[in-house]
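Here the structure is laid out as structure tokens; the discussion comes afterwards.
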Amino acid sequence: ETGVTQTPRHLVMGMTNKKSLKCEQHLGHNAMYWYKQSAKKPLELMFVYSLEERVENNSVPSRFSPECPNSSHLFLHLHTLQPEDSALYLCASSPDWGGADGYTFGSGTRLTVV
Amino acid sequence: AQSVTQPDIHITVSEGASLELRCNYSYGATPYLFWYVQSPGQGLQLLLKYFSGDTLVQGIKGFEAEFKRSQSSFNLRKPSVHWSDAAEYFCAVGVPTSYDKVIFGPGTSLSVIP
Numbered sequence: 136e137t138g139v140t141q142t143p144r145h146l147v148m149g150m151t152n153k154k155s156l157k158c159e160q161h162l163g164h165n166a167m168y169w170y171k172q173s174a175k176k177p178l179e180l181m182f183v184y185s186l187e188e189r190v191e192n193n194s195v196p197s198r199f200s201p202e203c204p205n206s207s208h209l210f211l212h213l214h215t216l217q218p219e220d221s222a223l224y225l226c227a228s229s230p231d232w233g234g235a236d237g238y239t240f241g242s243g244t245r246l247t248v249v
Numbered sequence: 077a078q079s080v081t082q083p084d085i086h087i088t089v090s091e092g093a094s095l096e097l098r099c100n101y102s103y104g105a106t107p108y109l110f111w112y113v114q115s116p117g118q119g120l121q122l123l124l125k126y127f128s129g130d131t132l133v134q135g136i137k138g139f140e141a142e143f144k145r146s147q148s149s150f151n152l153r154k155p156s157v158h159w160s161d162a163a164e165y166f167c168a169v170g171v172p173t174s175y176d177k178v179i180f181g182p183g184t185s186l187s188v189i190p
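Those protein sequences? They're chains C and D, same order as listed. Mind the numbering: the first sequence is residues 136 to 249 in the working numbering, read in order. Mind the numbering: the second sequence is residues 77 to 190 in the working numbering, read in order.
In structure tokens:
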């Protein structure tokens, strides 16, 4: 049990679908993150939330829409995705938004866009 | 901007042999430094971190890392590798400014031969 739970573990969606990824942590952390991990590429930071407010949007296309309703939950809403969006999407949390204490990662959602 | 490189894309070692994974960073001052491990199908797990003080840091699973300022390096070591250590290893750099941001290296894939 990593302390950060992501659902679903696997998702296959068509380019016209709308789906959501969910992340949940009960570690009492104040910051949560979405990362994209593609084959042969370094981890890409997508979004950062601190105390439910977004503090970073790393030039992510609008077809990805994050939501942080409280400090324990983070969603990534997906719509009209492209095949190149297929990747492992990782959620992470940290005590504070700087990440200086290190991150706790979830196991990820393996997304395939067909 | 800070960056981190991991010169070795893939390393193979025999079980029981020693291991050293290389990490070099580029930053004008001393950053926060981290090593994470990712087992297949899993998220990343923090192995150890360095902020200041003793340049040799101990982590979980028998790993240690040494910070060398003169070489801008933070290499990960383990004296005796176990088959369960086969995984992807990521070095990460965090910048201790008012807006901290963690940058991940491209990763080194470790295979262990029985």
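Every residue gets a Cβ at the ideal spot worked out from N, C-alpha and C, and that includes glycine.
- Look at Ser185/C: its C-beta is not under 7 Å from any C-beta on chain D.
- For Lys125/D, at least one C-beta of chain C is nearer than 7 Å to its own C-beta.
- In this chain, Glu219/C is not harboured by any beta strand (DSSP E), its DSSP state being neither H nor E.
- Within the same chain, Met148, Met150, Leu216, Gln217, Pro218, Asp220 and Ser221 come within 7 Å of Val248/C by CB-CB distance, once the 5 residues on both sides are set aside.
- When Cβ-Cβ separations below 7 Å define contact, Leu246/C makes no contact with chain D.
- Counting only the Cα atoms, Thr140/C lies some 16 Å from Leu246/C.
- Looking at the DSSP output, Ala141/D sits in a beta bridge with Val133/D and Leu152/D.
- Setting aside the 5 residues that flank it on each side, Ala168/D is surrounded in the same chain by Val80, Leu109, Phe110, Trp111, Tyr112, Val178, Ile179, Phe180 and Gly181, each with a C-beta closer than 8 Å to its C-beta; the list follows chain order.
- Ranked by Cα distance from Ser207/C, the first of Met167/C, Lys176/C, Pro177/C and Glu188/C is Met167/C.
- Distance from the CA of Lys154/D to the CA of Glu96/D, rounded to the nearest whole angstrom, comes to 7 Å.
- Between Thr131/D and Phe143/D, the CB-CB gap stays under 7 Å.
- Interface flag for Pro177/C against chain D is set, since a Cβ pair is found closer than 7 Å.
- Cβ contact annotation for Leu178/C (same chain, cutoff 6 Å, sequence separation greater than five): Tyr170 and Gln172, in chain order.
- Beta-bridge annotation (DSSP): Ser228/C is paired with Met167/C and Thr239/C.
- Below the 8 Å Cβ cutoff, chain D contributes Gly117, Gln118 and Gly119 as neighbours of Ser242/C, in chain order.
- Exclusion of the five residues before and after Ala163/D leaves Val113, Gln114, Ser115 and Leu186 as the residues of its chain whose Cβ lies within less than 7 Å of its Cβ.
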